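Protein sequences, first through last, are from chains P and S.
Every number in this note's numbering is 778 more than the matching position in the first sequence, counting from 1.
Every number in this note's numbering is 12 more than the matching position in the second sequence, counting from 1.
Virtual Cβ for every residue (Gly too), placed ideally from N, Cα, C.
Since this is a predicted model, take the numbers as computed values, not measurements.
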Amino acid sequence: GQQLNQSPQSMFIQEGEDVSMNCTSSSIFNTWLWYKQEPGEGPVLLIALYKAGELTSNGRLTAQFGITRKDSFLNISASIPSDVGIYFCGAGGTSYGKLTFGQGTILTVHP
Amino acid sequence: DTAVSQTPKYLVTQMGNDKSIKCEQNLGHDTMYWYKQDSKKFLKIMFSYNNKELIINETVPNRFSPKSPDKAHLNLHINSLELGDSAVYFCASSPRGQGGGNTIYFGEGSWLTVV
Numbered sequence: 779g780q781q782l783n784q785s786p787q788s789m790f791i792q793e794g795e796d797v798s799m800n801c802t803s804s805s806i807f808n809t810w811l812w813y814k815q816e817p818g819e820g821p822v823l824l825i826a827l828y829k830a831g832e833l834t835s836n837g838r839l840t841a842q843f844g845i846t847r848k849d850s851f852l853n854i855s856a857s858i859p860s861d862v863g864i865y866f867c868g869a870g871g872t873s874y875g876k877l878t879f880g881q882g883t884i885l886t887v888h889p
Numbered sequence: 013d014t015a016v017s018q019t020p021k022y023l024v025t026q027m028g029n030d031k032s033i034k035c036e037q038n039l040g041h042d043t044m045y046w047y048k049q050d051s052k053k054f055l056k057i058m059f060s061y062n063n064k065e066l067i068i069n070e071t072v073p074n075r076f077s078p079k080s081p082d083k084a085h086l087n088l089h090i091n092s093l094e095l096g097d098s099a100v101y102f103c104a105s106s107p108r109g110q111g112g113g114n115t116i117y118f119g120e121g122s123w124l125t126v127v
């Protein structure tokens with residue numbers, strides 16, 4: 779089936795550093811989304827991307843929908859301790875709501 | 013608060029039991045889902061309902077039966093629970109509109125442990 783390859787699997791960074799993670803696929807998708815999940819909680823939507831090439835920001839977060847429609851990246855600038863969590867990329871096609879997810883990137887931020 | 017809310021949050025039960033997880037959304041969305049997250053944090057869709065009608069059923073054992081009494085509610089009933097059913101189950105919903113059907117909002121999860 780369709781799979782998303784998300785990297786890196788984990789990151790250990792110092793507070794204030796910038797972070798970059800990405801997702802790639804062998805399939806084309808119509809929607810790319812980025813979520814953050816904290817322990818004991820559900821994934822929270824950070825950014826949704828609907829058009830190839832689209833670049834969208836949400837505060838210190840910036841994400842882009844790749845031109846080929848097969849990839850997306852998420853950048854976090856000037857990380858802070860509360861950025862800690864697991865970040866998931868999700869991608870959707872024409873079967874609405876049937877998202878395929880990446881394996882997640884575990885982010886640890888040292889104060 | 014506008015949200016996707018599900019109960020119970022934690023459920024520990026014995027093998028062979030039958031249990032239900034309830035879900036409600038007050039976001040006015042037409043489509044609701046159940047996703048399963050395994051021990052490796054991998055998220056996978058189980059079911060989706062659009063306005064009370066089943067539209068996606070992802071080869072889930074028929075011990076799992078979703079029920080949607082109205083478009084704001086989607087409950088999950090599990091019969092004859094097995095050890096392998098231990099996971100986190102997330103209810104979710106999505107609105108209509110461009111890409112909207114793919115813009116999924118998750119509940120806080122129900123942690124099911126079968127012993």
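Note that the C-beta distance between Q26 (chain S) and V126 (chain S) is below 9 Å.
Interface criterion not met: the Cβ of K848 (chain P) is under 9 Å from no Cβ in chain S.
Around the beta carbon of P859 (chain P), a 10 Å sphere encloses fewer than 16 other beta carbons of the protein chains shown; the residue is thus reported as exposed. Assigned with DSSP and collapsed to three states, S51 (chain S) falls in coil, not helix or strand.
Taking the Cα of P817 (chain P) as reference, the smallest distance to any Cα among P:V797, P:A830 and P:D861 is reached at P:D861. For the region 819–843 of chain P, the set of positions with a beta-carbon nearer than 7 Å to some beta-carbon of chain S reads E819, G820, P821, L823, A826 and Y828 in chain order. Annotation: F59 (chain S) to E70 (chain S) spans about 6 Å, alpha carbon to alpha carbon.
At least one C-beta of chain S is nearer than 9 Å to the C-beta of F866 (chain P). Taking a cut-off of 8 Å for Cβ pairs, the region 802–813 of chain P and the region 21–36 of chain S do not touch, as fewer than three such pairs fall below it. Residues of the same chain with a CB within less than 8 Å of the CB of N87 (chain S), apart from the 5 flanking positions on each side, are S32, I33, K34, C35, P78, K79, S80 and P81 in chain order. The alpha-carbon of F790 (chain P) is positioned some 7 Å away from that of H888 (chain P). When Cβ-Cβ separations below 9 Å define contact, N808 (chain P) makes contact with chain S. Neighbours of K814 (chain P) in chain S, taken as residues whose beta carbon is under 9 Å from its own, are absent, since the nearest beta carbon is some 11 Å off.
With 16 or more other Cβ atoms inside 10 Å of its own Cβ, Q881 (chain P) counts as buried. Rounded to the nearest angstrom, the Cβ distance from G28 (chain S) to S92 (chain S) is 6 Å, consistent with a contact under 8 Å.
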